[in-house]
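Q: Using our numbering, you'd call the opening residue of the sequence shown number 42 and step up by one each time.
Questions regarding the structure given below will be posed in turn.
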Amino acid sequence: MTMKENIIIIGNGMVGHYCAEQLVMYGLHETHQIHVFGAEPHHAYDRVHLTEYMTGQDALALRLHEQDFHSAHGITMHLGVPVMRIDRDAKTVESEDGLLPYNTLILATGSTPFVPSVPGNTGTAGLVYRTLEDLDVIRAAAEGARHGTVIGGGLLGLEAAHALKLLGLEVSVVQLGTHLMSAQLDEDGGRALRSRIEALGIDVRTSHATREIVAGEQHRHRLIFADSPSFETDMVVFSAGIRPTDQLGRACGLAVGARGGIVIDNQCRTSDPDIFAIGECALWQDQVFGLVGPGYTMARTVASLLAGEDAAFTGADMSTKLKLQGVDVGSIGDAHGREHGATSYRFIGEADGSYRRLVLSADGQRVTGAILVGDNSYYDTIFQYVQNGIKPPADPAVLILPRGEGAELLGADALPDTAMICSCHNVTKGSICNAIDAGCADLAALKQGTKASTGCGGCAALLKSVFETELAARGIEVDHSLCEHFSHTRQELYSLVRVHGIRSFEELMARHGNGGLGCDICKPTVGSILASAWNKPITDPLYIPLQDTNDTFMANMQKNGTYSVVPRIAGGEITPDRLIVLGQVAKKYGLYTKITGGQRVDLFGAQLHQLPEIWGELLDAGFETGHAYGKSTRTVKSCVGSTWCRYGVQDSVGKALDIENRYKGLRSPHKLKFAVSGCTRECAEAQSKDVGIIATENGWNLYVCGNGGMRPRHAELFATDLDSETLVKYIDRFLMFYIRTADKLQRTSVWREGLEGGLDYLKDVIIKDSLGIAEELERQMHHVVETYHCEWKDALTDSEKLKRFRTFVNDSRPDPNVQLVPERDQVKPAPNQAAVPEESGPVEWTALCNTSDLVPKSGVVAWYEGAQIALFYLPETENTTARVFAVDNHDPFSKANIIGRGIMGDLRGQLVVASPLYKQHFNLESGICLEDPSKSLRTWEGRLTAEGKVEIRARVMETTAERLSA
42 MTMKENIIII GNGMVGHYCA EQLVMYGLHE THQIHVFGAE PHHAYDRVHL TEYMTGQDAL
102 ALRLHEQDFH SAHGITMHLG VPVMRIDRDA KTVESEDGLL PYNTLILATG STPFVPSVPG
162 NTGTAGLVYR TLEDLDVIRA AAEGARHGTV IGGGLLGLEA AHALKLLGLE VSVVQLGTHL
222 MSAQLDEDGG RALRSRIEAL GIDVRTSHAT REIVAGEQHR HRLIFADSPS FETDMVVFSA
282 GIRPTDQLGR ACGLAVGARG GIVIDNQCRT SDPDIFAIGE CALWQDQVFG LVGPGYTMAR
342 TVASLLAGED AAFTGADMST KLKLQGVDVG SIGDAHGREH GATSYRFIGE ADGSYRRLVL
402 SADGQRVTGA ILVGDNSYYD TIFQYVQNGI KPPADPAVLI LPRGEGAELL GADALPDTAM
462 ICSCHNVTKG SICNAIDAGC ADLAALKQGT KASTGCGGCA ALLKSVFETE LAARGIEVDH
522 SLCEHFSHTR QELYSLVRVH GIRSFEELMA RHGNGGLGCD ICKPTVGSIL ASAWNKPITD
582 PLYIPLQDTN DTFMANMQKN GTYSVVPRIA GGEITPDRLI VLGQVAKKYG LYTKITGGQR
642 VDLFGAQLHQ LPEIWGELLD AGFETGHAYG KSTRTVKSCV GSTWCRYGVQ DSVGKALDIE
702 NRYKGLRSPH KLKFAVSGCT RECAEAQSKD VGIIATENGW NLYVCGNGGM RPRHAELFAT
762 DLDSETLVKY IDRFLMFYIR TADKLQRTSV WREGLEGGLD YLKDVIIKDS LGIAEELERQ
822 MHHVVETYHC EWKDALTDSE KLKRFRTFVN DSRPDPNVQL VPERDQVKPA PNQAAVPEES
882 GPVEWTALCN TSDLVPKSGV VAWYEGAQIA LFYLPETENT TARVFAVDNH DPFSKANIIG
942 RGIMGDLRGQ LVVASPLYKQ HFNLESGICL EDPSKSLRTW EGRLTAEGKV EIRARVMETT
1002 AERLSA
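Written out as structure tokens, the structure reads:
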């Protein structure tokens, strides 16, 4: 048997891992044995979004690959194992795992932060911001600290400052040069960026040369400067550049540059032809590239060469588009105009602190570079002019003028096939066209297949534009329909409901739909629209069939079919008596209790029939619904503010109570989270919320469109030093405009990113009333506030509505499948058990319940000799008789008994129910799962009798194949 040759990658950072992916893409894992050494104990993670780790994001969420990537491709990982020595003569690498021979060696050792030799730069005065471990050290150093300083005002330095701000510290940035981000921005751009960073409460000091760090008096350390007054701080993070990690190459005799870096040629080979170097450890033509994009290009070059193809690294575009603490910054091409004879156009927006510079060649026939501060909506167009040598307009200045005066965005159809759409993964317009021609007609599939927009994500808008333009060019209609039942977007449906005064799903379907029952997409969407427009109770019988299980039963369904109960605790403020009530209720009903991130108490494990009893006790104690189950206002988080905190400058708790009590019950396209901080230390984390409010000495700063979760986004500063009346007015308008115009299940952050004109446009609409709708938006919000009702109070006073809260409509027993086991002095769900098939059911027609127990176009559950039978009722119409469908309540995917609480509808002509947990669809007649036909529900024949009974009987047994063929 022939031994496979060894390819060894030293370095498991972003570039090293990407190189391994490229080797796999070329099939080299099948012909070679691949080893990867990583000095860190972690799998490769996304350093570009490292700051998210500081917000509480789990390290696993930053991982760059699926858990089984390496084992699935036979790659041997050596995590936490640094390589100590390379023997070029023996062609081996030495680590604590021993000696390992190589045929090809790839160095991807990256770089290390440069820490200037400033006396006193040790301990908490000598921190760096590079790895997960570095961030752990910074977080530990922040304990008990009040002020943090970052030395270095470049890209990474401002990210580090943001991280310190997230830890609740006052922050200073110290820059040796005359302006921030000097590598990317000119002085005017740096000045504009500085004003925006300072508006976020960060102190910026430029032209400061740090001479020494000594012990402080009020803080841990004092910074001494050469020509500037000293000041004190509790911790110092150095971000003064990087140095290539070239020690292994230097020690084994590879050629290195005078200032570091392993010398490579156009094939990324070092002075040893069997050793390659890629990423920040490599020196190409006296350049070290400090961005991930060039490293990826080097990795692709090496993989191509090893696969036998011709490839060369000929440099890399260093253009960058990023968002620093909510501030757009872009730098494209020759941003500083260093090309001989270059000329520039500049736009300075003093009103909003924006700055744009366009650089042209000496003959004016080429756009060669640009600088953008404050609005990156110009970036994609200018980047394509630079990248593809497109001749500029007759008046090039229109490319940077405000959109109302400037040129239209460069259309996707004007880009050549060679246009680079995603520089992270080298995806051109031609590659996208090829994917479409191969049958790709879905944006998500395009991203998965080409990897476009899966790196930094900066090309997302351009990718979507190219994709939709190319589909249209091929005669493929770009369908923006909500679903098969409505050929409208959510925004269009909302307008139709408001303009025509439509009050029901049936009326909307009849007037503007395509017919049918609806589905689990359009029903909840229309239900949300109707609730937002008219603020009627979601427990209204008209709305019940539209709601997902959470809204139907006003509680969040958990994985075992039980629910969580979350009463409102406005602003996080609660009296001891009410806190005791929560404990007593949890103890009485055996509920698991947990403090939520929104400063509330969550009670888990309530069965359906218990919910009215629990809420009855909570309402008696003065609680009301917390709407944790709805796409609506959730929480307003707060710190204690000036009431208790020595740093507070305003009453943040009082403001949080006012805000939460005003907007509670507001229904929206997605959940809404708020926060109020009493000072710029930002303990309530307002800058990660849909609406964030931070106190100042002169009033309140308003931030909008932030969110945490799977794709965190920093909120943007919207207005400063507002009085309370103006603050509420702007929030009213903002929320109602979002509700009017957002897509289904679209967070404010995603909605904002899709707004043409960006934040400036939103300010024009909300502050300047550019659309003339401000008063109307305020009236709509006033109606919502005036007609608020507690949905649980409404349900508990209506006996008909309470009938819904029965585990079984014909039996008082609880669900026997729900089992709890002890854990940490509380309980947790036992694993759900697969249903054991019982007898097929009664041979003769057998009554289960009364027709009055059924819910039109929805489901209930009945008990029959150990079987749980979900009954779905389709009432009589002009053309059809009434029908009832009987299927197993046991979900074969989650193994929970929940099917009867799913949404009934139709898909592609089939009557279906959508599982309320994971949304698989089951045919109500055959029981077959539409997404996975190997899974199915047991079904029974069902009928309604003249005496008002619901009867079932067993079907003749058929095989799955027979049912499918039928």
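All C-beta atoms in this analysis are idealised placements derived from N, C-alpha and C, irrespective of residue type, glycine included.
What is the rounded straight-line gap between the Cα of Cys-463 and the Cα of Thr-469?
A: Going by the C-alpha atoms only, they are around 7 Å apart.
Q: Taking 9 Å as the cut-off, decide whether the C-beta atoms of Thr-782 and Val-745 are in contact.
A: Not in contact: Thr-782 and Val-745 (Cβ atoms no closer than 9 Å).
Q: Is Thr-767 helix, strand or coil by DSSP?
A: Thr-767 falls in the helix class under three-state DSSP.
Q: Thinking C-beta only, is Leu-558 closer than 9 Å to Lys-898?
A: In contact: Lys-898 and Leu-558 (Cβ atoms closer than 9 Å).
Q: Taking contact to mean at least 3 C-beta pairs separated by less than 8 Å, is the segment 823 to 839 in contact with the segment 795 to 804?
A: Touching, no, given that fewer than three Cβ pairs across the two stretches are closer than 8 Å.
Q: Go ahead and label His-12 buried or exposed: buried means 16 or more other beta carbons lie within 10 angstroms of its beta carbon, across all protein chains shown.
A: Outside the shown range of the chain, which is 42 to 1007, sits residue 12, and nothing can be said about it.
Q: If you draw a straight line from the C-alpha of Tyr-604 to the C-alpha of Ile-585, how long is it?
A: Roughly 18 Å separates the two Cα atoms.
Q: Taking Leu-196 as part of the alpha helix (DSSP H), name the residues at either end of that continuous run.
A: Run containing Leu-196: 196 to 207, per the alpha helix (DSSP H) assignment.
Q: Within 10 angstroms of its Cβ, does Thr-422 collect 16 or more other Cβ (buried), or is it exposed?
A: Under this definition Thr-422 is a buried residue.
Q: Just to confirm, is the Cβ distance from Tyr-67 to Ala-344 under 9 Å?
A: Cβ atoms of Tyr-67 and Ala-344: closer than 9 Å.
Q: So the beta strand (DSSP E) His-12 belongs to, where does it begin and stop?
A: Since the first residue of the chain shown is 42 and the last is 1007, residue 12 is not available in this structure.
Q: My guess is that Leu-549 and Val-567 are in contact by the Cβ rule of under 8 Å, so how many angstroms apart are they, rounded?
A: That pair is a contact at about 6 Å.
Q: Is it true that the CB of Cys-293 sits closer than 9 Å to the CB of Ala-149?
A: No; because the gap between Cβ atoms is not below 9 Å, this pair is not in contact.
Q: Residue ranges of each beta strand (DSSP E) run of no fewer than 3 residues wholly in the segment 341 to 378, ordered along the chain?
A: Entirely contained in the segment 341 to 378, the beta strand (DSSP E) runs reaching 3 residues are, in chain order, 361 to 365 and 368 to 374.
Q: Helix, strand or coil: how does DSSP classify Pro-897 here?
A: Strand, per DSSP.
Q: At which residues does the alpha helix (DSSP H) containing Phe-849 begin and terminate?
A: Neither: Phe-849 is in no alpha helix (DSSP H) and is coded neither H nor E.
Q: Indicate the three-state DSSP secondary structure (helix, strand or coil) for Asp-661 in the structure shown.
A: Looking at Asp-661 - three-state DSSP - the assignment turns out to be helix.
Q: Do Ile-993 and Ile-910 come within 9 Å of each other at the CB atom, strictly closer than that value?
A: In this structure, Ile-993 lies closer than 9 Å to Ile-910 by Cβ.
Q: Within 10 Å of its beta-carbon, does Ile-621 have 16 or more other beta-carbons around it, so buried, or fewer, so exposed?
A: Classification for Ile-621: exposed.
Q: Output the distance between the C-alpha atoms of Glu-819 and Val-769, rounded to the nearest integer angstrom.
A: About 10 Å.
Q: Using CA atoms only, rank isn't needed, just tell me which of Leu-889, Pro-974 and Ala-318 is closest to Trp-981.
A: Comparing Cα positions, the closest option is Leu-889.
Q: Can you find the residues in the same chain that come closer than 8 Å, C-beta to C-beta, to Leu-69, ignoring five residues on each side of it along the sequence?
A: Same-chain partners within the cutoff: Ile-48, Ile-75, Ala-344, Leu-347 and Ala-348.
Q: Excluding five sequence neighbours on each side, which residues of the same chain lie with their C-beta closer than 7 Å to the C-beta of Tyr-670?
A: Closer than 7 Å at the Cβ level, and outside the excluded window around Tyr-670, lie Asn-591, Asp-592, Met-595, Ala-596 and Asn-597.
Q: Quick one: what does DSSP say Pro-437 is sitting in, helix, strand or coil?
A: Of the three classes helix, strand and coil, the one that applies to Pro-437 here is helix, per DSSP.
Q: If you pair each beta-carbon of the segment 205 to 221 with each one of the segment 293 to 302, do three or more pairs fall below 8 Å?
A: In short, these stretches do not touch, since the Cβ pair count stays below three.
Q: With Asp-730 as the anchor, note down where its beta strand (DSSP E) starts and where it stops.
A: The residue asked about is misnamed: residue 730 is Lys in this sequence, not Asp. Note, Lys-730: premise wrong, no beta strand (DSSP E); not H, not E.
Q: Buried or exposed for Ala-1002, going by 16 or more other Cβ atoms inside 10 Å?
A: Because Ala-1002 sits at a pLDDT of 41, beneath the cut-off of 50, its placement in the model cannot be relied upon, and the point is left open.
Q: What are the boundary residues of the beta strand (DSSP E) that includes Ser-790?
A: Where Ser-790 is concerned, there is no enclosing beta strand (DSSP E), although the alpha helix (DSSP H) it sits in stretches over 789 to 794.
Q: Excluding the 5 residues preceding and the 5 following Trp-741 in the sequence, name in chain order all residues of the same chain whose CB lies nearer than 6 Å to its CB.
A: These residues qualify, in order along the chain: Ile-734, Leu-763 and Leu-768.
Q: Use the C-beta contact count for Glu-446: other C-beta atoms within 10 angstroms, 16 or more gives buried, fewer gives exposed.
A: Confidence at Glu-446 is low in this model, with a pLDDT of 38, below 50, so its placement is unreliable and no value can be given for it.
Q: For Cys-474, which of helix, strand or coil comes out of DSSP?
A: It is helical.
Q: Leaving aside the five residues before and after Pro-160 along the sequence, list all residues of the same chain whose C-beta is less than 6 Å from its C-beta, in chain order.
A: The answer, listed in chain order, is Glu-253.
Q: Are the beta-carbon atoms of Ile-179 and Ala-281 separated by less than 9 Å?
A: Result no, Cβ atoms of Ile-179 and Ala-281 do not sit closer than 9 Å.
Q: Note down the Cα distance separating Cys-680 from Ser-718, rounded to an integer number of angstroms.
A: Going by the C-alpha atoms only, they are around 6 Å apart.
Q: Considering Cys-890, what are the terminal residues of the beta strand (DSSP E) in which it resides?
A: Counting along the chain, the beta strand (DSSP E) containing Cys-890 begins and ends at 887 to 891.
Q: If you draw a straight line from the alpha carbon of Ser-683 to that of Asn-702, how long is it in whole angstroms?
A: Approximately 20 Å between the Cα atoms of the pair.
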